[in-house]
Every structure is written in structure tokens, then in C-alpha cells.
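*Asks:* Shown below is the structure under consideration.
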Amino acid sequence: MTAKIDNYLEQNNPATPCVVVDLERVETNYRSMTELAPWAEIFYAVKANPAMPVLSSLSDAGCSFDAASIAEIEACLEAGVSPERISYGNTVKKSADIAAAAAKGIGLFAFDSLGEVEKLAAFAPGAKVFCRIVVANDGARWPLTRKFGCAPDEAAPLLLAAKQAGLVPAGLSFHVGSQQTESERWLEGISRCADLFEQLAAEGVSLELINLGGGFPVPYRNDDGPELHEVFDSISRALNEVFDNKLPRILIEPGRAVVATAGKLRSEVILVTERIYGGRQLWVYLDVGRYGGLAETEGEAIQYRLEFQGQPDAFASAVIAGPTCDSHDVLYEDASYDVPTDLKAGDLVTFQNTGAYTSTYASIGFNGFAPLAEYFV
Ligand SMILES: *Cc1c(COP(=O)(O)O)cnc(C)c1O
Numbered sequence: 044m045t046a047k048i049d050n051y052l053e054q055n056n057p058a059t060p061c062v063v064v065d066l067e068r069v070e071t072n073y074r075s076m077t078e079l080a081p082w083a084e085i086f087y088a089v090k091a092n093p094a095m096p097v098l099s100s101l102s103d104a105g106c107s108f109d110a111a112s113i114a115e116i117e118a119c120l121e122a123g124v125s126p127e128r129i130s131y132g133n134t135v136k137k138s139a140d141i142a143a144a145a146a147k148g149i150g151l152f153a154f155d156s157l158g159e160v161e162k163l164a165a166f167a168p169g170a171k172v173f174c175r176i177v178v179a180n181d182g183a184r185w186p187l188t189r190k191f192g193c194a195p196d197e198a199a200p201l202l203l204a205a206k207q208a209g210l211v212p213a214g215l216s217f218h219v220g221s222q223q224t225e226s227e228r229w230l231e232g233i234s235r236c237a238d239l240f241e242q243l244a245a246e247g248v249s250l251e252l253i254n255l256g257g258g259f260p261v262p263y264r265n266d267d268g269p270e271l272h273e274v275f276d277s278i279s280r281a282l283n284e285v286f287d288n289k290l291p292r293i294l295i296e297p298g299r300a301v302v303a304t305a306g307k308l309r310s311e312v313i314l315v316t317e318r319i320y321g322g323r324q325l326w327v328y329l330d331v332g333r334y335g336g337l338a339e340t341e342g343e344a345i346q347y348r349l350e351f352q353g354q355p356d357a358f359a360s361a362v363i364a365g366p367t368c369d370s371h372d373v374l375y376e377d378a379s380y381d382v383p384t385d386l387k388a389g390d391l392v393t394f395q396n397t398g399a400y401t402s403t404y405a406s407i408g409f410n411g412f413a414p415l416a417e418y419f420v
């Protein structure tokens, strides 16, 4: 499935570390999602991989976009996306950024507090707004709880306040956390939203949309979560049940599930050595680490599958560490990774499914290590 990437790496032998992204695969991932969830409008979460070739491919394929900042909005516009296909999904925005977005024609904004309603009313008067409610994130490898989202009880008063202030109360959103491995989390959110649709209808406000957020899982080493079609099937059943087969506009904001499987990261082994303090242990130092784009290895949350050269037949457990002098720059210690017993300095190690949340997570040069190079095929 990543033959194009393998060929590119084979033929070009680029300096490591680098990520190679297969744009055809990005587009296939998007298209298969439109087939699995024909009832949803897909707003790609730009932060997962904001590279221009990715945005352009998705824009050409007809995708919409969830942007979290003015720079992301500008990147989408530059990729040829019309403003109606962009949602400003960050619930915490500077007034100047709201005004700039409105001036560029963005008309759909997220919020989750009264302070944000006031800013939106002042700087994007008449805009459509949706209120983000908090839902449980259990089951997510990369949870997002508490930082965003109001309590469900606050949503109706907030949407009424938005209406009062001259905004258009358009709907509700929630986010189940990233790399969510339990479909039930979306079902809980949907049921909350259905209750709020009723409650607001009774107050004379008819909402038009629900944004189910992102979080759709991809296969990593530690995940035997549901397949995408299972997640979408159960979401579809729940929506049709609570809305009696008359669905409102449904938006989804997948990031990871669109780009992760389209990328591979190649790194080089700098050193393999045994450390004897605290128990004899093999350590493998790579030229990529926590600060070089693998931020999601924090807490060993996201465990990438590794590929080694050749056909190794004997493996030994090792700690995998990055190249910087920071002691947090250890990728996997408890996760018990196995490496070939003959692994040595200069060998190549490839991380699978690294098209999401890697390149832009890399530091600009901590300890003198350059940001992660990214190539597109
Ligand atoms: C990060 C984010 C997403 C994308 O999440 P994935 O887990 O990559 O699908 C979608 N919506 C919002 C609001 C986000 O913050």
C-alpha cells in the first residue's frame, strides 16, 4: 500500500530523518471516507498535516477544512479552498483573528464560552456559530478533555446568548479525543446533541448541524481498535435512530485518519549499546526523536510500527531513544520494542503511519537538529 513511498526511498535515498507522504493515498483515504459516511461533510483537520501539497490534493478532491488559526485559514485559501468550505474550529480566538477570518469570508465559527460569543458578535457579526460541548474521552490514546468544550447544560443558554447577540446559532460540536478506539464515545456525544436539539427547538431555535469532530483511529502497534467502517456504521445507526431518519447537516473533522497511513518516516541508527545501570538493557539511539517530529510518543501514547532492513530472524527488546541531550527524548522504554539482534549504527529504521502529527510537531532546531524534512510523492 506504500509501494510508492518505498520506491521513492529506494531510488532517492534521501538524508534522514525524513517523512515521505503519498498524496494519492491521502486522496484515497478521503474518498473512502466519503463512501463510508455519505451522510457527512468532511472538514479535514488541517493541523494533522498542513503541508500545501496535502491541502491542494484534498481541496481538488472536494474536501472541506477545519482550521484552528489564521495561518491555517490562509493556507487553505492559498490551496484554492473557497471560504464557505472552511470552518474556524478553535473555540479560543483573538479578536483580531476573528475579524481577519470574517474579512476573508469565513462564516462558520466554533465557540464554547460567553466571552467568545461576545468577541464573535463584535468581530464577525451575523456569522454562523456552533457550540462545542465536552464529552468523555475515555478510550482515546491522545485525549483532549477539559481544555475545550462547555458542560452540556451550558450549551442551550450559550446558543441563545449567541442569537441574542446577532449571531446565527447553527449547531453543536464535540470531540472524543484523538485516536479514539471506542465507537461508544461518538454515540454518547450524538445522544447529548439530540437532547439539546430538542431543548433548543422548544426555545424557538432550530439548529441545522452537528459536528462530530475527529478522533477516527488508524492502526498503530498498540491499537486493535475498530475499523473505520465499523465506527461509521455505528455512528450512522445512532444518528438515524435519534433523529428518526431525518438527519441534520453532519460534519466530521478527521485529521489523523486522512493522512497518517499516507506517510512513512525514515531514520538512521546512530548507536546501539548496552547500558548496565538499573539492569542490563539494550539502547538504540536514532536520528529522530521526541523533538524531531515524534511528539506523540510522549507517555508512549502513540506506538508506531517499526520496519527494519533485510529479513532479520532474531530480535531483542530495546529502549528506543532520540538524538538530543534531553533525557525526555526517549521514545519507547515501557512499550517493549524488539529490534534485530544485529542492528547497528548506520542501519535504517522506518516508522509506519507517520503522515499525521509529525512534520509540524518538529522543533525548529533544538540541540542543532534540523526540523523533519518532508517529501511528497
Ligand atoms: C485535532 C482536532 C481534530 C482532528 O482530530 P484527529 O484525531 O486527528 O481526527 C478535529 N477537530 C478538532 C476540533 C481538533 O482539535
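Sequence positions in the sequence shown follow this note's numbering and run 44 to 420. Ideal Cβ positions, reconstructed from N, Cα and C, are used throughout, including at glycine.
1. Who does Leu329 pair with in a DSSP beta bridge?
2. Going along the chain, which residues of its own chain have a beta-carbon closer than 6 Å to the beta-carbon of Val124, five neighbours each way excluded?
3. Count Cβ pairs between the stretch 201-209 and the stretch 278-293 that sit closer than 8 Å; are there 3 or more?
4. I need the DSSP call for Asn180, collapsed to helix, strand or coil.
5. On the three-state DSSP scale, how would you describe Glu127?
6. Assuming Val177 contacts Ala164 (C-beta within less than 8 Å), just tell me the rounded distance between them.
7. DSSP on Thr393, reduced to helix/strand/coil?
8. Is Gln242 close to ligand 1? I mean its beta-carbon at under 7 Å from any heavy atom of the ligand.
9. Nearest to Asn56 by alpha carbon, out of Arg309, Thr340, Arg228?
10. When burial is assigned at 16 or more other CB atoms within 10 Å of the CB, is Ser249 buried or exposed?
11. Once you ignore the five residues that flank Ala46 on each side, which residues in its own chain have a CB closer than 6 Å to its CB?
12. So for Ile319, helix, strand or coil by DSSP?
13. What does DSSP give as the partner residues of Cys174 in its beta bridges?
14. Is there at least one non-hydrogen atom of ligand 1 closer than 7 Å to the beta-carbon of Ala118?
15. Would you mind working out which of Ala399, Tyr380, Gly335 sits nearest Asp372, comparing C-alpha positions?
16. Measuring CB atoms only, is the stretch 211-221 touching the stretch 245-259, in the sense that at least three cross pairs come out at less than 8 Å?
17. State the CB to CB distance for the pair Leu325 and Ala359, rounded to an integer number of angstroms; the pair is presumed to be in contact (CB under 8 Å).
18. In the stretch 86-112, which residue ranges form an unbroken alpha helix (DSSP H) of at least 4 residues, counting only runs that do not cross its ends?
19. Does the separation of the CB atoms of Val97 and Val63 fall below 8 Å?
20. So, are the CB atoms of Ser138 and Leu151 less than 8 Å apart?
21. Output yes if chain D places a C-beta closer than 8 Å to the C-beta of Gly232; else output no.
22. What does a CB cutoff of less than 8 Å around Val160 pick up in its chain, not counting 5 residues either side in sequence?
23. Quick test of your reading: Val89 and Glu115, contact by CB under 8 Å. State the CB separation rounded to the nearest angstrom.
24. Output the distance between the C-alpha atoms of Tyr380 and Leu294, rounded to the nearest integer angstrom.
25. For the alpha helix (DSSP H) that Cys236 lies in, which residues bound it at each end?
26. Would you call Glu78 buried or exposed, if buried means 16 or more other Cβ atoms sit within 10 Å of its Cβ?
27. CA-CA distance, Glu84 and Ile233?
28. Gly214 to Asn133, Cα distance in whole Å?
29. Could you round the C-beta distance between Ala305 and Glu343 to whole angstroms and report it? I think they count as a contact, below 8 Å.
30. Relative to the C-alpha of Pro262, which candidate in Glu350, Ser226, Glu241, Ile345 has its C-alpha closest?
31. Could you check what DSSP says for Tyr73 in three-state terms: helix, strand or coil?
32. Could you say which of Phe217, Thr397, Gln352 lies nearest to Ala338 if we only look at CA atoms?
33. DSSP three-state call for Cys368: helix, strand or coil?
34. I'd like to check one pair, Ala416 with Cys119: are the Cβ atoms closer than 8 Å?
35. Quick one, which of Gln352, Ser75, Val315 has its alpha-carbon nearest Glu270's?
36. Just to confirm my understanding: we take Tyr87, look at its own chain, exclude 5 residues before and 5 after, and list those with CB closer than 6 Å. What are they?
*Replies:* The structure says:
1. The count along the sequence shown starts at 1 and reaches residue 329 at position 286. Val312.
2. Sequence index remark: in the sequence shown, residue 124 carries index 81 (1-based). Taken in chain order, the residues that qualify are Ser102, Phe108.
3. Output reads no: the stretch 278-293 does not touch the stretch 201-209.
4. Within the sequence shown, residue 180 is the residue found at index 137, counting from 1. In the structure shown, Asn180 sits in coil (DSSP, three-state: anything other than H, G, I, E or B).
5. Sequence index remark: in the sequence shown, residue 127 carries index 84 (1-based). In this structure, Glu127 counts as helix in the three-state DSSP scheme.
6. Your numbering for residue 177 matches position 134 in the sequence shown. Your numbering for residue 164 matches position 121 in the sequence shown. Contact flag wrong, Cβ pair sits at about 23 Å.
7. Within the sequence shown, numbered from 1, the residue matching residue 393 stands at position 350. Strand, per DSSP.
8. Position 199 of the sequence shown, counted from the first residue, corresponds to residue 242. No.
9. The residue given as residue 56 occupies position 13 in the sequence shown. Comparing Cα-Cα distances from Asn56 to each of Arg309, Thr340, Arg228, the minimum goes to Arg309.
10. As a position in the sequence shown, residue 249 is number 206, starting the count at 1. Per the 10 Å Cβ criterion, exposed.
11. Against the sequence shown, residue 46 aligns to sequence position 3. Closer than 6 Å at the Cβ level, and outside the excluded window around Ala46, lies no residue.
12. Along the sequence shown, read from residue 1 onward, the residue named residue 319 stands at position 276. DSSP places Ile319 in coil when its eight states are reduced to three.
13. The residue you call residue 174 lines up with position 131 of the sequence shown. Answer by DSSP bridge pairing, in chain order: Phe154, Leu215.
14. To locate residue 118, count along the sequence shown from 1; it is residue 75. No, Cβ of Ala118 sits at least 7 Å from all heavy atoms of ligand 1.
15. Here residue 372 refers to the residue found at position 329 of the sequence shown. For Asp372, the nearest C-alpha among the options comes from Gly335.
16. Cβ pair count under 8 Å is three or more, so yes.
17. Locating residue 325 in the sequence shown gives position 282, counting from the first residue. Locating residue 359 in the sequence shown gives position 316, counting from the first residue. Confirmed, Cβ separation roughly 6 Å.
18. 95-104
19. Against the sequence shown, residue 97 aligns to sequence position 54. Against the sequence shown, residue 63 aligns to sequence position 20. No, the Cβ-Cβ distance between Val97 and Val63 is not below 8 Å.
20. Position 95 of the sequence shown, counting from 1, holds the residue named residue 138. Position 108 of the sequence shown, counting from 1, holds the residue named residue 151. Not in contact: Ser138 and Leu151 (Cβ atoms no closer than 8 Å).
21. Chain labels in this structure do not include chain D; a single protein chain is all it has.
22. Translated into the one-based positions of the sequence shown, residue 160 becomes position 117. The beta carbon of Val160 sits closer than 8 Å to the beta carbons of Phe154, Val172, Leu201, Ala204, Ala205, Ala208, Leu210 from its chain, once the five residues preceding and following it are set aside; these are given in chain order.
23. Here residue 89 corresponds to residue number 46 of the sequence shown, with the count starting at 1. Here residue 115 corresponds to residue number 72 of the sequence shown, with the count starting at 1. Contact flag correct, Cβ pair sits at about 4 Å.
24. Numbered from 1 along the sequence shown, position 337 holds the residue referred to as residue 380. Numbered from 1 along the sequence shown, position 251 holds the residue referred to as residue 294. Distance between the alpha carbons of Tyr380 and Leu294: 38 Å.
25. Taking the first residue of the sequence shown as position 1, residue 236 is located at position 193. Where Cys236 is concerned, the enclosing alpha helix (DSSP H) stretches over 227-245.
26. In the sequence shown, the residue the question calls residue 78 occupies position 35. By the neighbour-count rule (16 or more Cβ atoms within 10 Å), Glu78 is not buried but exposed.
27. For this step, residue 84 is matched to residue 41 along the sequence shown. For this step, residue 233 is matched to residue 190 along the sequence shown. Glu84 and Ile233 have their C-alpha atoms some 16 Å from each other.
28. By one-based count along the sequence shown, residue 214 stands at place 171. By one-based count along the sequence shown, residue 133 stands at place 90. Each residue's Cα considered, the two are about 15 Å apart.
29. Residue mapping note: residue 305 aligns to position 262 of the sequence shown, counting from 1. Residue mapping note: residue 343 aligns to position 300 of the sequence shown, counting from 1. In fact, because the Cβ distance is near 24 Å, the residues do not count as touching under 8 Å.
30. Here residue 262 refers to the residue found at position 219 of the sequence shown. Comparing Cα-Cα distances from Pro262 to each of Glu350, Ser226, Glu241, Ile345, the minimum goes to Ile345.
31. Taking the first residue of the sequence shown as 1, we reach residue 73 at position 30. Three-state result, Tyr73: helix.
32. Position 295 of the sequence shown, counting from 1, holds the residue named residue 338. The shortest Cα separation from Ala338 among Phe217, Thr397, Gln352 belongs to Thr397.
33. On the sequence shown, position 325 is the one that residue 368 refers to. In this structure, Cys368 counts as coil in the three-state DSSP scheme.
34. Your numbering for residue 119 matches position 76 in the sequence shown. Your numbering for residue 416 matches position 373 in the sequence shown. It is not a contact, given that the beta carbons lie outside the stated cut-off.
35. Sequence index remark: in the sequence shown, residue 270 carries index 227 (1-based). Nearest option by C-alpha distance: Ser75.
36. The residue labelled residue 87 in the question sits at position 44 within the sequence shown. Once the five neighbours on either side are set aside, the close Cβ partners of Tyr87 are Leu101, Cys106, Phe108, Val301.
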